[in-house]
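Below you'll find the structure, written out as structure tokens, and then a few comments.
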Amino acid sequence: MEGKVKANGRALLPIIVFLVIFLGSGFVSGDFNSMPAIVGFLIALLVAFIQDRKHDFHEKIHVVAQGVGDDNIITMCLIFLVAGGFSGAVTAAGGVESTVNLGLSILPSSVAVAGLFVIGCFISISMGTSMGTIAALAPIAVGISEKTGFGMPICIGAVVCGAMFGDNLSMISDTTIAAVKTQGCEMKDKFKENFFIVLPAAVITIILFVILTRNGSFQLSGDLSYNIWRVLPYLVVLVGALIGFNVFLVLLAGIILSLVVGIATGSILPADMFRVIAQGADGSGGIMGMYDITVISMVVACIVSLVKEMGGIQFILEFIKKRIKGKKGGELGIAFLSLLVDMCTANNTVAIVMAGPIAKEISDEFEISPKRSASLLDMFTSVGQGLIPYGAQLLSAASLTQLTPYQIIPYCFYPILMAVSGLVFILFVKNRKPTKSGLSA
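As structure tokens, this is what we get:
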């Protein structure tokens with residue numbers, strides 16, 4: 001099992017089987033959640049085991065064990081769990097509600113819809129989840145639509161745009177964690193690189209929403225009370241991660257601070273503090289809410305290990321190398337790969353876990369810096385996730401507002417502009433030669 005592996009296109013069969021089963025069940029049933037991703041991946045893993053005839057069973061187990069035991073995979077899975085614990089604790093402490101109300105309290109009525117986007121950006125980058133952001137802001141979008149007369153699609157479109165901003169950038173987002181760990185770069189470096197790439201897209205999105213809704217006004221009513229202490233854990237995690245503190249320590253500090261704030265304000269009973277870390281406020285979040293993606297990451301690592309051993313990864317690399325030249329070509333290859341895999345899996349975190357090892361090989365081959373490849377990987381999976389009508393984000397937004405995804409997509413300006421901004425940076429902004437740096441934890 002040593003030496004360079006010969007390229008073999010047939011080794012990609014397990015991945016093809018997964019895509020056929022996953023997409024096929026979605027199209028046949030009309031519900032892309034009908035096939036749990038973990039089941040599809042387990043079937044693909046079985047196919048990989050059967051297909052690999054060069055090694056006996058014990059050798060195959062050794063190959064997959066090495067894949068799962070990779071430092072980046074283990075670190076990524078542990079961060080998933082700790083990030084889930086922080087999300088559960090801070091939500092139970094009332095951080096989401098206070099953050100939303102704080103943003104709405106300072107929101108000028110003349111930029112209501114653009115303000116929804118900005119608030120969505122802040123909440124998603126603080127919470128690390130696009131789904132949570134949509135769930136928190138969708139009712140507010142409905143209210144603003146009713147008060148201003150603006151169409152529901154543009155209001156909820158602003159929410160989806162804001163949700164995808166943070167999903168791509170947040171320090172505790174599973175997509176960011178997966179991108180950083182598969183590419184081997186510092187989280188703060190990826191954030192800085194990624195932020196300046198997407199900043200033009202965010203600014204133009206704000207301008208578009210302001211122009212389209214410039215003649216509207218509204219007055220918010222109802223309880224918009226907030227407690228600044230409940231917002232503090234988000235700020236501590238965000239600032240700590242940006243400064244470069246160890247991500248485990250930052251998240252643990254966020255968990256402890258969330259528990260202290262929750263108990264002090266009466267949002268969390270002392271007897272429930274460990275439960276909210278494990279299960280969240282509603283029993284389905286917290287650490288338990290990260291179980292699926294953690295197990296999926298491990299199973300995908302097994303599949304990729306066998307596919308790589310059989311020559312599938314080498315086949316993709318040689319296929320791309322024949323069609324692209326230099327760093328710009330390599331970056332375009334990573335962008336296209338990321339977008340394609342997300343469109344097939346309808347889950348940007350799963351897409352990053354799948355495409356990450358291939359993107360790493362491409363970045364090494366063409367001397368693309370890890371922070372750049374991580375940014376492209378995260379960005380273009382988010383582009384796909386924010387635009388595909390069968391993705392969880394648009395399906396959730398539609399179900400919460402009685403719309404269809406196709407009504408919302410025309411107002412998903414940010415994912416489209418993020419793709420344009422990414423392509424501009426690939427084509428016109430030079431990429432410095434990567435330097436060795438330690439992995440962030």
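Those letters in the sequence shown? Residues 1 to 441, per our numbering, in order.
Note that CB positions come from ideal geometry on N, CA and C, so glycine has one too.
Three-state class that DSSP yields for residue 371 in the structure shown: Residue 371 falls in the helix class under three-state DSSP.
Three-way DSSP call (helix, strand, coil) for residue 89 in this model: In the structure shown, residue 89 adopts helical secondary structure according to DSSP, grouped into three states.
Three-state class that DSSP yields for residue 162 in the structure shown: Here residue 162 carries a helix assignment [DSSP, helix/strand/coil].
Residue 406 to residue 99, Cα distance in whole Å? The C-alpha of residue 406 lies about 29 Å from the C-alpha of residue 99.
Quick one: what does DSSP say residue 301 is sitting in, helix, strand or coil? Here residue 301 sits in helix by DSSP.
With a threshold of 7 Å on Cβ separation, who are the neighbours of residue 19 within its own chain once the five nearest residues in sequence on each side are excluded? If we look at residue 19 and ignore the five residues flanking it on each side, its Cβ neighbours are 344.
Taking contact to mean at least 3 C-beta pairs separated by less than 8 Å, is the segment 365–372 in contact with the segment 118–129? In this structure the segment 365–372 does not touch the segment 118–129; the number of beta carbon pairs closer than 8 Å is below three.
Does residue 74 come out as helix, strand or coil in the three-state DSSP assignment? If DSSP states are grouped into helix, strand and coil, residue 74 belongs with the helices.
Using 7 Å as the threshold, is the C-beta distance between residue 95 and residue 287 below it? Their beta carbons are not under 7 Å apart, which means residue 95 does not touch residue 287 by this criterion.
Considering only the beta carbon of each residue, do residue 237 and residue 296 sit closer than 7 Å? Not closer than 7 Å, so no.
Beta strand (DSSP E) runs contained entirely in the segment 230–274, provided each spans 3 or more residues: If we require 3 residues or more, the segment 230–274 turns out to have no beta strand (DSSP E) run fully inside it.
Reduced DSSP secondary structure (H/G/I, E/B, other) of residue 402: Residue 402: coil per DSSP, three-state reduction.
Cutting at 6 Å between CB atoms, please list the residues of its own chain near residue 281, excluding the five before and the five after it. Here residue 281 has 91, 92 as same chain residues with Cβ atoms under 6 Å from its own Cβ, once five neighbours each way along the sequence are excluded.
State yes or no: is the C-beta of residue 355 within less than 7 Å of the C-beta of residue 134? Remark: C-beta atoms of residue 355 and residue 134 do not approach each other more closely than 7 Å.
Residue nearest to residue 331 in terms of C-alpha spacing, selected from 143, 111, 424, 113: The candidate whose alpha carbon is nearest that of residue 331 is 424.
Hey, quick one: how far does the alpha helix (DSSP H) through residue 363 stretch, first residue to last? Residue 363: member of the alpha helix (DSSP H) spanning 348–365, first to last residue.
For residue 289, which option in 83, 5, 115, 254 has the closest C-alpha, if you only look at C-alpha atoms? Nearest option by C-alpha distance: 83.
For residue 257, tell me which candidate among 24, 271, 303, 87 has the shortest Cα-Cα distance. Residue 87 is the option with its Cα nearest to residue 257.
Would you kindly work out how many angstroms separate the C-alpha atoms of residue 327 and residue 426, rounded to a whole number? Across the structure, residue 327 and residue 426 are spaced so that their CA atoms are roughly 9 Å apart.
Compute the distance between the beta-carbons of residue 421 and residue 377, then report whether it is under 7 Å. The Cβ atoms of residue 421 and residue 377 lie no closer than 7 Å to each other.
So residue 42 and residue 299 are supposed to be a Cβ contact under 8 Å. How far apart are they, rounded? That pair is a contact at about 6 Å.
Taking the beta carbon of residue 10 as the centre, do at least 16 other beta carbons fall within 10 Å, making it buried, or is it exposed? Answer is exposed; the Cβ neighbour count stays below 16.
Could you spell out the range, first to last residue, of the alpha helix (DSSP H) harbouring residue 23? The continuous alpha helix (DSSP H) containing residue 23 extends over residues 13–29.
Under a Cβ-count criterion, where at least 16 other Cβ atoms within 10 Å of its own Cβ denotes burial, should residue 28 be classed as buried or exposed? Under this definition residue 28 is an exposed residue.
Using a Cβ-Cβ cut-off of 7 Å, state whether residue 215 counts as contacting chain B. Annotation note: the requested chain B is absent from the structure, which comprises a single protein chain.
Simplified DSSP assignment, three categories, for residue 150: The answer is coil: DSSP assigns residue 150 none of H, G, I, E or B.
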